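Residue 2 is where the sequence shown starts when you use our numbering, and the numbers rise one by one after that.
From the three backbone atoms N, C-alpha and C, an ideal C-beta is built for every residue, glycine too.
Remember, it's a predicted structure, so these values are computed and weren't measured experimentally.
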Amino acid sequence: MAMQSIPSFGSPRVQVKTLLSMILASTKTAMQEYENAGFSIPAPDSPEAHPSDFASNLVDLQKSIIILEGACCKLVQTLAPPVHMLRNHLMTPAEQPCLWVAVESKIPDILTQSPNGMHVNEIAKIAPKFLEPQKLSHIIHFLASRGYFREVSYNVFANNHLSLTLLSSNPLLSLLYISMKIFSKGFGSLPDALTDLDYGNSKDPDKAPFIFAVHDNFTGGDFFDWLQQHPIDKEHFAAGMVGLNNVSTPGLHCGVWNELPEGASICDVGSGVGGFSICLARAHPSFKVTLVDRREVIDQAERFWRSEYPQAVQDQRAAFVSGDFLKDIPGGHDVYFARHIIHDWPDSKAIVILGNIRRAMRLDSRLFIEEHILPHSNNAKDTRTTDLTEETFLTGSRRLYHLDMLMLSMMNAKERAIHEFDDLGSKVGLKIIKRWDLLETSLLEYAIVSV
Ligand SMILES: C[S@@+](CC[C@H](N)C(=O)[O-])C[C@H]1O[C@@H](n2cnc3c(N)ncnc32)[C@H](O)[C@@H]1O
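Shown next as structure tokens:
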């Protein structure tokens, strides 16, 4: 897509025109991408999934959607009175709980039996948990106003394209659960935790805002320690990570994995249950994958692989090592890979993890870190642009800053800009030698610079 840019100081009229042309261009690109991939444009009211829903390689489509979304928001923000925007933000707390009521009561699953719609009284009768029909009507009306479900006639609802994402088979819903039940505790305590003398000044994960919220009922430690003491939450966290992998596979499609020799051994540091490495092992059956995580998670990982990919376990192409990456990481692998690990930790601990990986590496080992990268820069000439460019909308994606806040509130950690990843590496004799753009994340390759 051609890049458009105007100075941020252009007149509002010019800005509006630029935004409109971005909206037009990105809409055309999105439509073209569907056509190029052989798909029709999805119908929002359709009660059936669209074949593109499961296509993870439509990167240009995803890019055009990010630009379209950013430009639409900016346009509304430009033209709307500011209190309009503020009032919109005041409404967000109801969204996740209402979505979760729909999921837990299996409303989308129930509606698949009735594509032309079902009365709310009937839905309430079939729902697995007690739901008072009038209250349920409030919930579904609210969700329909947000684009989930279609109201066919008064109080008669049908699934639509968006509500299909709430089917109980979608593992990503575990992220909705942890977001609503767990992450909300961290966010909710931010104002008090940030101004608390003890917690506010600390960069220790054991003193993160989330721990401030739960400390009365917690024996101490960081969020991952807390998770181990809460089995249902732990299961949801693992499932959510797997679900996330299903919607963010460009990392797998990036050419680097094809460069590796047959039989390469890959150490997935902080693997979780192996949402990424199970896809990697399937795509490259000669690779040997070693998963490293906390003991309880590694037990969970082994169960997950035995159920999802037993052949790999039987052929000893997957090994499960319990350990603490803040202490030690198994040595001698061809490749070290860590996805969404460094962002979980403040600098002092991130340096320890990278240092341990560095010590585990052979001189010819390769190291790949997959993370979100903030668009800040420490180069004065290269500071984040305030121009209205497509690049601005891509890198300034709101999800990035949401994650940054999430890391702060859960672990006193953060998302980082590229120079911060450079700085971390330089502390332990590593240097970034290549960056692959994976749309929302980047894959950074580090090499050893000092022995
Ligand atoms: C955000 S998850 C990322 C999981 C996986 N890399 C992925 O992308 O799906 C962070 C992982 O780090 C693990 N972890 C946290 N502290 C750890 C420690 N001290 N040693 C080993 N693993 C740890 C957690 O159990 C969790 O599985």
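### Query
Using a Cβ-Cβ cut-off of 8 angstroms (strictly less than) and excluding sequence neighbours within five positions of Gly356, which residues of its own chain qualify?
Lys428 and Val429, listed in sequence order.
### Message
Can you look up Glu297 in the DSSP assignment and give me helix, strand or coil?
### Response
DSSP, read as helix, strand or coil, puts Glu297 in helix.
### Message
Per the DSSP calculation, Met119 is bridged to which residue(s)?
### Response
For Met119, which the question treats as bridged, DSSP gives the partners Phe158.
#### Entry: 8 angstroms contact criterion, which Val1 and Leu76 should meet: CB distance rounded
Lying outside 2 to 452, the shown extent of the chain, residue 1 is not represented and no answer is given.
### Query
Can we count Met32 as close to ligand 1, meaning its CB is less than 7 angstroms from some heavy atom?
Incorrect: Met32 has no Cβ contact closer than 7 angstroms to ligand 1.
### Query
Run through DSSP, which three-state label would Tyr310 get?
Tyr310 sits in coil when the DSSP states are folded into three classes, being neither helix nor strand.
### Query
Measuring CA to CA, which of Phe143, Met119 and Ala128 is closest to Glu96?
Across the set Phe143, Met119 and Ala128, the C-alpha of Phe143 shows the shortest separation from the C-alpha of Glu96.
### Query
Considering Ala319, what are the terminal residues of the beta strand (DSSP E) in which it resides?
It spans Ala319 to Ser323 - the beta strand (DSSP E) in which Ala319 sits, taken as one unbroken run.
### Task
Identify which residue in Leu137, Phe131, Ile66 and Leu168 has its Cα closest to the Cα of Leu112.
Relative to the Cα of Leu112, the nearest Cα in the group Leu137, Phe131, Ile66 and Leu168 belongs to Leu168.
### Query
Given Ile434, which residues of its chain have a CB within under 8 angstroms of its CB, disregarding the five upstream and five downstream residues?
The residues are Glu446, Tyr447 and Ala448.
#### Entry: Simplified DSSP state of Ser180, which is helix, strand or coil
Helix at Ser180.
### Query
So, Glu392 versus Thr442, is the Cβ gap smaller than 8 angstroms?
No, they are not a contact pair.
#### Entry: Coarse secondary structure for Trp1, derived from DSSP in three states
Because the chain in this structure spans residues 2 to 452, residue 1 falls outside the shown range and cannot be described.
### Query
By Cβ distance, which residues of its chain are closer than 7 angstroms to Trp437, with the 5 residues on each side in sequence left out?
The beta carbon of Trp437 sits closer than 7 angstroms to the beta carbons of Cys255, Val257, Ser443 and Leu444 from its chain, once the five residues preceding and following it are set aside; these are given in chain order.
### Query
What residues sit near ligand 1, counting only those whose C-beta is closer than 7 angstroms to one of its heavy atoms, in chain order?
Per the Cβ criterion, the list is Phe225, Met242, Leu245, Asn246, Asp269, Gly271, Ser272, Gly273, Gly276, Phe277, Val293, Asp294, Arg295, Val298, Gly324, Asp325, Phe326, Leu327, Ala339, Arg340, His341, Ile342 and Asp345.
### Message
By alpha-carbon positions, which one of Arg359, His377 and Arg151 ends up nearest to Phe369?
### Response
Residue Arg359 is the option with its Cα nearest to Phe369.
### Task
Give me the Cβ distance between Ser278 and Val270, rounded to the nearest whole Å; I'm assuming they're in contact under 8 angstroms.
Approximately 11 angstroms separates the beta-carbon atoms of Ser278 and Val270; this is outside 8 angstroms, ruling out the contact.
### Task
Please list the segments of the beta strand (DSSP E) lying wholly inside the segment 228-304, counting only runs of 3 or more residues, in order along the chain.
Those beta strand (DSSP E) runs which fall completely within the segment 228-304 and span 3+ residues are 266-270 and 289-294.
### Message
So for Ala209, helix, strand or coil by DSSP?
### Response
Here Ala209 sits in coil by DSSP.
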